[in-house]
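So the sequences go chain by chain: A and B. Per our numbering, numbering through the first sequence is continuous, rising by one, with the last residue being 889. Per our numbering, numbering through the second sequence is continuous, rising by one, with the last residue being 167.
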Amino acid sequence: MIAADVAYLRPDTAEEAVDAWRRHAGARYLAGGTEIATAARRTAAFDLRACIDVKRIPEANVHEICGGCLRLGAALTLSDVAEGDAFPLLNAVLRGIADRTVRNRLTLGGNLAGLLPYREAALPLLLADATVLTVAPGADDRPPVRQERPLRAIFDKRLVLAPGELVLSFCVPLEAPEWPWSHYRRTRTGEVDYPLVTVAMVHDGAGVRFAVSGAHPYPFRSDAVDALLSKDGAAALPAVLEALGPLRADARASLEYRVALLKNMIRAGLEDLA
Amino acid sequence: MKELSGIVEIVLRINGEERRAAVRPGDTLLRVLREKLGLTGAKCGCENGDCGACTVLLDGKPVKSCMLLAVECEDAAVTTIEGLRDHPVQQAFAEENGFQCGFCTPGMILNAAALVEAHPESDDATDREWMQSNLCRCTGYEGIRNALAAARRKAAAP
Numbered sequence: 616m617i618a619a620d621v622a623y624l625r626p627d628t629a630e631e632a633v634d635a636w637r638r639h640a641g642a643r644y645l646a647g648g649t650e651i652a653t654a655a656r657r658t659a660a661f662d663l664r665a666c667i668d669v670k671r672i673p674e675a676n677v678h679e680i681c682g683g684c685l686r687l688g689a690a691l692t693l694s695d696v697a698e699g700d701a702f703p704l705l706n707a708v709l710r711g712i713a714d715r716t717v718r719n720r721l722t723l724g725g726n727l728a729g730l731l732p733y734r735e736a737a738l739p740l741l742l743a744d745a746t747v748l749t750v751a752p753g754a755d756d757r758p759p760v761r762q763e764r765p766l767r768a769i770f771d772k773r774l775v776l777a778p779g780e781l782v783l784s785f786c787v788p789l790e791a792p793e794w795p796w797s798h799y800r801r802t803r804t805g806e807v808d809y810p811l812v813t814v815a816m817v818h819d820g821a822g823v824r825f826a827v828s829g830a831h832p833y834p835f836r837s838d839a840v841d842a843l844l845s846k847d848g849a850a851a852l853p854a855v856l857e858a859l860g861p862l863r864a865d866a867r868a869s870l871e872y873r874v875a876l877l878k879n880m881i882r883a884g885l886e887d888l889a
Numbered sequence: 010m011k012e013l014s015g016i017v018e019i020v021l022r023i024n025g026e027e028r029r030a031a032v033r034p035g036d037t038l039l040r041v042l043r044e045k046l047g048l049t050g051a052k053c054g055c056e057n058g059d060c061g062a063c064t065v066l067l068d069g070k071p072v073k074s075c076m077l078l079a080v081e082c083e084d085a086a087v088t089t090i091e092g093l094r095d096h097p098v099q100q101a102f103a104e105e106n107g108f109q110c111g112f113c114t115p116g117m118i119l120n121a122a123a124l125v126e127a128h129p130e131s132d133d134a135t136d137r138e139w140m141q142s143n144l145c146r147c148t149g150y151e152g153i154r155n156a157l158a159a160a161r162r163k164a165a166a167p
């Protein structure tokens, strides 16, 4: 139960959604609601005065191949996406997130835009150089603004969005799902747990692309690491670790353990791609 | 655009019946089922999406009712354990002692019923992946596993 009195709004279009956000201070977009419902129940510090339910906006539910890309609506549940066969790496990564009944609600957009740091669904999308379609409130009384931008351009540890900006869909170039891929994920307890380290890699024909989450408290991909692994393979591991910067150490896993996991996963991933 | 605030009356389709309830938009489906509609089969465990004791079926898919708002469920078909009524999976849990204290059992049965419906053929990996959504603090997993196998046999029987 959420103790605070909240308003509930269910827009039919993206423009209605951003208009509702502008009219309601303290509003949050609600899709799967898995994070909002639990965070708002746990603490009054989670400011929630209105929920704007974006699940029924048609553009946020697209799941189609169109115009040379695979377009995935941000309001699709992880289960819906993972049951498709269009992007095997994405499916493999999504099946590791939470458990099935949570994945029946948790959405693709929610995983990337949520508060939890891992945001593993971002890994395949970053590797694929996906783009993201958003709609944001216009300045002053101007109409809402739609933009399609490279995900990497607006992803710095998390999605960097303007106030009130709503993610509608992601667009994956059709060649990306065809690339050889590798995915490794290790948790502290059972399979349903946050990742200590999760690594996704592809070979795009020209070189290796590498993305990781858990090792840092955010997903990470960099051209420098891709270049090192493409040029020198496993021999580049010391340089890769240096390029990754300080890794996470906490009660769930020591720094040394995470480094060991990371090295093993990268070696295994390179073998998978060879 | 639909806008709700304060206390509002909503209509939910639960176990094939239309049920009306006065709710606040912030009320979770779990709380509305238990406190407004007297359907106490869905259990209030962690209220954090971890334990699965509150599992219900929403349009046939198992979901955790502590993590969704009741107002989101208008127009959807909600099935609680009260709606299964001597389902083969329930029978199998009873016959195979697929429970100990019983607190997790409604959620387990609903998830298992959805699993058997979606995957009538036995597949250990799929079974594990689905049933990981529900925790049994009595650790009675072997009985639950046996019940699931028995439910499949019942479903396959002519």
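Note that CB positions come from ideal geometry on N, CA and C, so glycine has one too. Source: prediction; values computed, not measured.
Might you give, ordered along the chain, the residues of its own chain that have their beta carbon closer than 6 Å to the beta carbon of residue i, omitting 5 neighbours on each side?
i	result
Ala31(B)	Ile16, Glu18
Leu38(B)	Ser74, Leu77, Ala79, Cys82
Arg718(A)	Leu693, Ser694
Ala160(B)	Pro97, Val98, Ala101, Val125
Glu169(B)	Since the displayed chain B opens at 10 and closes at 167, residue 169(B) lies outside it and no answer follows.
Gly682(A)	none
Arg761(A)	Val750
Which of the three DSSP states is assigned to residue i in this structure?
i	result
Tyr150(B)	helix
Asp841(A)	helix
Pro792(A)	helix
Tyr809(A)	coil
Tyr917(A)	For residue 917(A) there is no data in the structure shown, the boundaries of chain A being 616 and 889.
Pro759(A)	coil
Arg801(A)	strand
Cys75(B)	helix
Ala51(B)	coil
Arg40(B)	helix
Met816(A)	strand
Asp132(B)	coil
Val65(B)	strand
Tell me which residues share the same chain as residue i and place their Cβ nearer than 7 Å to its Cβ, disregarding the 5 neighbours each side in the sequence.
i	result
Phe702(A)	Leu685, Pro739, Val787, Pro792
Met10(B)	none
Asn155(B)	Glu105, Gly107
Pro752(A)	Val633, Trp636, Arg637, Pro759, Gly779
Ala164(B)	Pro97, Val125, Pro129
Arg656(A)	Met616, Ile617
Leu781(A)	Ala629, Ala632, Val633, Tyr644, Val669, Thr749, Val750
Ala754(A)	none
Pro115(B)	Gly50, Ala51, Lys52, Ile90
Trp139(B)	Asn120, Leu124
Ala122(B)	Leu93, His96, Val98
Ala665(A)	Val621, Ala622, Leu624, His639, Gly641, Ala642
Val708(A)	Glu735, Ala736, Leu738, Pro739, His798, Ala815
Glu12(B)	none
Would you check if the distance between the CB atom of residue i and the CB atom of residue j is smaller than 7 Å?
i	j	result
Leu888(A)	Ala849(A)	no
Thr649(A)	Gly58(B)	yes
Val669(A)	Tyr644(A)	yes
Val840(A)	Ala821(A)	no
Thr746(A)	Val72(B)	no
Leu727(A)	Ala743(A)	no
Arg873(A)	Ala826(A)	no
Pro759(A)	Glu630(A)	yes
Leu748(A)	Ser797(A)	no
Gly92(B)	Asn24(B)	yes
Gly725(A)	Ala660(A)	no
Ser837(A)	Val823(A)	no
Ala51(B)	Thr88(B)	no
Arg40(B)	Thr49(B)	no
Asp847(A)	Gln141(B)	no
Ala690(A)	Arg710(A)	no
Gln109(B)	Gly149(B)	yes
Val20(B)	Glu27(B)	yes
Pro795(A)	His818(A)	yes
Leu687(A)	Leu721(A)	no
In chain order, what residues of the same chain have a beta carbon less than 8 Å from the beta carbon of residue i, not counting five sequence neighbours either side?
i	result
Leu852(A)	Lys878, Ile881, Arg882
Asp700(A)	Asn706
Leu119(B)	Thr64, Val65, Leu66, Pro71, Thr88, Thr89, Ile90, Leu93
Gly860(A)	His831
Leu730(A)	Glu650, Ala654
Inset, instruction - Could you pull out every unbroken alpha helix (DSSP H) segment of at least 4 residues lying fully inside the region 83-119 of chain B, listed in chain order? - result: 97-104
Inset, instruction - Could you tell me whether the region 810-822 of chain A touches the region 861-879 of chain A, using the rule of 3 or more Cβ pairs below 8 Å? - result: yes
Inset, instruction - Scan the region 624-666 of chain A and note each continuous beta strand (DSSP E) run of 3 residues or more that stays entirely inside, going in chain order. - result: 642-645
Legend entry - Length at least 3, wholly inside the region 676-761 of chain A: the beta strand (DSSP E) runs in chain order: 678-681, 684-688, 746-751
Inset, instruction - Please specify which runs of the alpha helix (DSSP H), each continuous and at least 4 residues long, are wholly inside the region 842-866 of chain A, giving them in chain order. - result: 852-859
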